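Residues in the sequence shown are numbered from 826 upward in steps of one, following the numbering used here.
Ideal placement from N, C-alpha and C gives every residue a C-beta, glycine not left out.
If you're wondering where the values come from, they're calculated on a predicted model, not measured in any experiment.
Working notes for the structure below.
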Amino acid sequence: QVQLVESGGGLVQPGGSLRLSCAASGSIFRFHRVGWYRQAPGQQREVVAHITSDIITFYADSVKGRFIISRDTAKNTVNLRMNNLKPEDTAVYYCSVANPSESYWGQGTQVTVSS
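Shown next, in the form of structure tokens:
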């Protein structure tokens, strides 16, 4: 069992930046994939970015060039640097770690982009 706690969300103006962090209660080293997902009101949860144990990254087209995902297995954290934020980035952001046979999710952190 792994518990994930997200932090770093908040209200930011368009064009601003935020850094989300996900702290795991146990080692994330054994998980093949760790990532960030988001869910806007009335919409399905969607992948934002993920990174594998061999450091292969994936980004949704909507965030390419603006967001950067990283994992620190020594500190058991997964981070998401978000730059040039847009109103359409407004959502609850969730952290997840996964193997083929198991996955865990955090409770989410709200990101609101508004002037």
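Boundaries of the beta strand (DSSP E) in which residue i is found, first to last residue
{"i": "residue 876", "result": "871-877"}
{"i": "residue 833", "result": "Neither: residue 833 is in no beta strand (DSSP E) and is coded neither H nor E."}
{"i": "residue 937", "result": "934-938"}
{"i": "residue 859", "result": "858-864"}
{"i": "residue 908", "result": "Run containing residue 908: none; DSSP gives neither H nor E here."}
Spatial distance of residue i from residue j (CA atoms)
{"i": "residue 907", "j": "residue 922", "result": "19 Å"}
{"i": "residue 901", "j": "residue 854", "result": "8 Å"}
{"i": "residue 848", "j": "residue 890", "result": "24 Å"}
{"i": "residue 835", "j": "residue 884", "result": "22 Å"}
{"i": "residue 895", "j": "residue 867", "result": "29 Å"}
{"i": "residue 980", "j": "residue 826", "result": "Since the displayed the chain opens at 826 and closes at 940, residue 980 lies outside it and no answer follows."}
{"i": "residue 879", "j": "residue 892", "result": "19 Å"}
Whether residue i touches residue j by CB criterion (8 Å)
{"i": "residue 828", "j": "residue 852", "result": "no"}
{"i": "residue 911", "j": "residue 872", "result": "no"}
{"i": "residue 874", "j": "residue 905", "result": "yes"}
{"i": "residue 837", "j": "residue 931", "result": "no"}
{"i": "residue 877", "j": "residue 857", "result": "yes"}
{"i": "residue 839", "j": "residue 940", "result": "yes"}
{"i": "residue 898", "j": "residue 833", "result": "no"}
{"i": "residue 903", "j": "residue 843", "result": "no"}
Distance cut-off 7 Å: residue i Cβ against heavy atoms of the ligand GTP
{"i": "residue 888", "result": "Among the components modelled here there is no ligand, and therefore nothing to report on the ligand GTP."}
Cutoff 8 Å: residue i Cβ touching any chain B Cβ
{"i": "residue 910", "result": "Checking the listed chains, one finds no chain B in this structure; it contains a single protein chain."}
Touching by the beta-carbon criterion (3+ pairs, under 8 Å), the segment 854-861 and the segment 917-931: yes
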